[in-house]
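Engineer: Residue numbers (mature numbering (1 follows the signal peptide of the UniProt record, and there is no 0)): -20 to -1, 1 to 303.
Beta carbons are placed, not taken as given, at the ideal position from N, Cα and C, and that holds for glycine.
Predicted model, so just to flag it, every value in this text is computed and none were measured.
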């Protein structure tokens, strides 16, 4: 990662989210498989620091971060924050540079700090966040192999001393790697990553992603089983699952079941605002606790599109059944 700038050290750790800054790639991937585009905004997150921020506020935040960097006030952590600001503003090249420099800084810190201390714990988590951010920025530029390499390094050797952090970051990195495989249109590889993210536990977000990968690979029975489990959960994705169940039932020529699923999807949307922006069953982590509010409009537009699509499909199925 030092191909950008020499390694930099830091004395102050700010954990800023990098996971799912990849959400900003939505605008540039219209030609990607629809099921990936539909989920990108909902799946990826930015820290609360960037919520409700307008372009001018983002610019001011970036200026403040630059001033802190010039004052040598927490290089690696400030660079991590700058990467988030840049990506939120659509500056993908600058975001990648900031994340790469942040990785170098945290790597240097991790080598110099004693293990199992508060400072070293913050450092290894910051290092993991920086790798996730770097992977997200690379993926947003279409460099999926580089993104996967960064995601693979999220759980590097320093996390081994912190089992709770290691498990948490392992799940997030494998999940991120799965999405990168999906964007390369390789759902089987993506599914294996989601399997690793689940790891025998119940993490509905990964199960929902795996179901989408099963569906894209044509394994409809497996996809249906996973979507059914998601629909029975209390996670936000439960309101999206009926739409996918309807699509599968329609492909299986089960008109009655398809109609019931689409109608359940419509009912879920009219019952209240779709809570796609709250990852209720995300692993507890300050870097992945909620979605940036500025993406709400994009999520709403996507949801309205699926809502209209479900209405059209219901009408078509009813017409077909009446013949």
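Short of 6 Å in beta carbon distance, which residues of its chain neighbour residue 48, apart from the five on each side in sequence? Order them along the chain.
Structural biologist: Here residue 48 refers to the residue found at position 68 of the chain shown. Answer for residue 48: 58, listed in chain order.
Engineer: Per DSSP, what kind of secondary structure is residue 268 in: helix, strand or coil?
Structural biologist: Residue 268 sits at position 288 when you count from the first residue of the chain shown. Since pLDDT at residue 268 reaches only 32, below the 50 mark, its modelled position is unreliable, and no value is offered.
Engineer: Restricting to runs no shorter than 4 residues, where is the alpha helix (DSSP H) found entirely within the region 189 to 253?
Structural biologist: List check, alpha helix (DSSP H) in window: 200 to 211, 221 to 231, 235 to 250.
Engineer: Does the separation of the CB atoms of residue 106 and residue 56 fall below 8 Å?
Structural biologist: Residue mapping note: residue 106 aligns to position 126 of the chain shown, counting from 1. Residue mapping note: residue 56 aligns to position 76 of the chain shown, counting from 1. Contact: yes.
Engineer: What are the boundary residues of the alpha helix (DSSP H) that includes residue 167?
Structural biologist: Numbered from 1 along the chain shown, position 187 holds the residue referred to as residue 167. Residues 167 to 178.
Engineer: Whose C-beta lies closer than 7 Å to the C-beta of residue 194 among residues of the same chain, with five residues either side of it excluded?
Structural biologist: One-based indexing of the chain shown puts residue 194 at position 214. For residue 194, where only same-chain residues beyond five positions count, the Cβ hits under 7 Å are 171, 202, 203, 206.
Engineer: Is it buried or exposed for residue 10, if we count other Cβ within 10 angstroms and need 16 for buried?
Structural biologist: Here residue 10 refers to the residue found at position 30 of the chain shown. Because residue 10 carries a pLDDT of 31, less than 50, the predicted location of this residue cannot be relied on, and the following value inherits that uncertainty. Burial call: exposed.
Engineer: Do you know how far the Cα of residue 232 is from the Cα of residue 35?
Structural biologist: Within the chain shown, residue 35 is the residue found at index 55, counting from 1. Within the chain shown, residue 232 is the residue found at index 252, counting from 1. Distance between the alpha carbons of residue 35 and residue 232 is about 47 Å.
Engineer: With distances taken Cα to Cα, identify the nearest neighbour of residue 104 among 117, 89, 242.
Structural biologist: On the chain shown, position 124 is the one that residue 104 refers to. Closest option to residue 104, Cα to Cα, is 89.
Engineer: Using alpha carbons as the reference points, say which of 69, 41, 130, 217 lies closest to residue 82.
Structural biologist: Residue numbering aside, residue 82 sits at position 102 when the chain shown is read from its first letter. Looking at the Cα atoms, 130 is the closest of the given residues.
Engineer: Pull up the distance between the alpha-carbon of residue 122 and that of residue 74, whole angstroms please.
Structural biologist: The residue given as residue 122 occupies position 142 in the chain shown. The residue given as residue 74 occupies position 94 in the chain shown. Taking the straight line joining both Cα atoms gives about 15 Å.
Engineer: Look at the Cβ atom of residue 293, then the Cβ atom of residue 243, and state whether they are nearer than 8 Å.
Structural biologist: As a first step, residue 293 is located in the chain shown; it is residue number 313 there, counting from the start. As a first step, residue 243 is located in the chain shown; it is residue number 263 there, counting from the start. No; because the gap between Cβ atoms is not below 8 Å, this pair is not in contact.
Engineer: Throw me the rounded Cβ distance for the residue 117 and residue 72 pair, which I believe falls under 8 Å.
Structural biologist: The count along the chain shown starts at 1 and reaches residue 117 at position 137. The count along the chain shown starts at 1 and reaches residue 72 at position 92. Confirmed, Cβ separation roughly 6 Å.
Engineer: From the DSSP output, in three-state form, read off residue 49 for me.
Structural biologist: The residue you call residue 49 lines up with position 69 of the chain shown. It is helical.
Engineer: State the Cα-Cα distance for the pair residue 163 and residue 296, rounded to the nearest angstrom.
Structural biologist: The residue labelled residue 163 in the question sits at position 183 within the chain shown. The residue labelled residue 296 in the question sits at position 316 within the chain shown. Roughly 31 Å separates the two Cα atoms.
Engineer: So what's residue 10 in DSSP terms, helix, strand or just coil?
Structural biologist: The sequence position of residue 10 within the chain shown is 30, counting from 1. Reliability of the predicted coordinates at residue 10 is poor, the pLDDT of 31 falling under 50, and no value is obtained from them.
Engineer: Would you call residue 262 buried or exposed, if buried means 16 or more other Cβ atoms sit within 10 Å of its Cβ?
Structural biologist: On the chain shown, residue 262 is found 282 positions in, with the first residue counted as 1. In this predicted model, residue 262 has a pLDDT of only 37, less than 50, meaning its place in the structure is not dependable enough to derive any value.
Engineer: On the criterion of 16 or more Cβ atoms from any shown chain inside 10 Å, does residue 156 qualify as buried, or is it exposed?
Structural biologist: Counted from its first residue, the chain shown places residue 156 at position 176. Under this definition residue 156 is a buried residue.
Engineer: When the Cα atoms are used, what is the spatial distance from residue 115 to residue 215?
Structural biologist: For the purposes of this step, residue 115 is taken as the residue at position 135 of the chain shown. For the purposes of this step, residue 215 is taken as the residue at position 235 of the chain shown. Whole-angstrom Cα-Cα distance: 26 Å.
Engineer: What is the residue span of the alpha helix (DSSP H) that residue 62 lies within?
Structural biologist: Translated into the one-based positions of the chain shown, residue 62 becomes position 82. That run of the alpha helix (DSSP H) goes 55 to 68.
Engineer: Take the Cβ of residue 40 as the centre, count every other Cβ of all protein chains shown within 10 Å, and call the residue buried at 16 or more, exposed below.
Structural biologist: Start at 1 with the first residue of the chain shown, and residue 40 comes out as number 60. Residue 40 comes out exposed.
Engineer: In whole angstroms, what is the alpha-carbon distance linking residue 252 and residue 94?
Structural biologist: Residue mapping note: residue 252 aligns to position 272 of the chain shown, counting from 1. Residue mapping note: residue 94 aligns to position 114 of the chain shown, counting from 1. Residue confidence for residue 252 is low, a pLDDT of 48 falling below 50, so the modelled location carries little weight and cannot support an answer.
Engineer: Less than 8 Å between the beta carbons of residue 100 and residue 132, yes or no?
Structural biologist: The sequence position of residue 100 within the chain shown is 120, counting from 1. The sequence position of residue 132 within the chain shown is 152, counting from 1. Against a cut-off of 8 Å, the Cβ pair of residue 132 and residue 100 comes out as no contact.
Engineer: Output needed for residue 66: all residues of its chain with C-beta closer than 8 Å, excluding positions within five of it in sequence on either side, in chain order.
Structural biologist: Indexing the chain shown from 1 puts residue 66 at position 86. Cβ neighbours of residue 66 beyond the five flanking positions: 42, 72, 74, 75, 78.
Engineer: If I'm right that residue 188 touches residue 221 with Cβ under 8 Å, what's the distance once you round it to whole angstroms?
Structural biologist: Within the chain shown, residue 188 is the residue found at index 208, counting from 1. Within the chain shown, residue 221 is the residue found at index 241, counting from 1. Indeed, because the Cβ distance is near 7 Å, the residues count as touching under 8 Å.
Engineer: Taking the C-alpha atoms as reference points, what is the distance between residue 241 and residue 235?
Structural biologist: The residue given as residue 241 occupies position 261 in the chain shown. The residue given as residue 235 occupies position 255 in the chain shown. Answer to the nearest angstrom: the Cα atoms are 10 Å apart.
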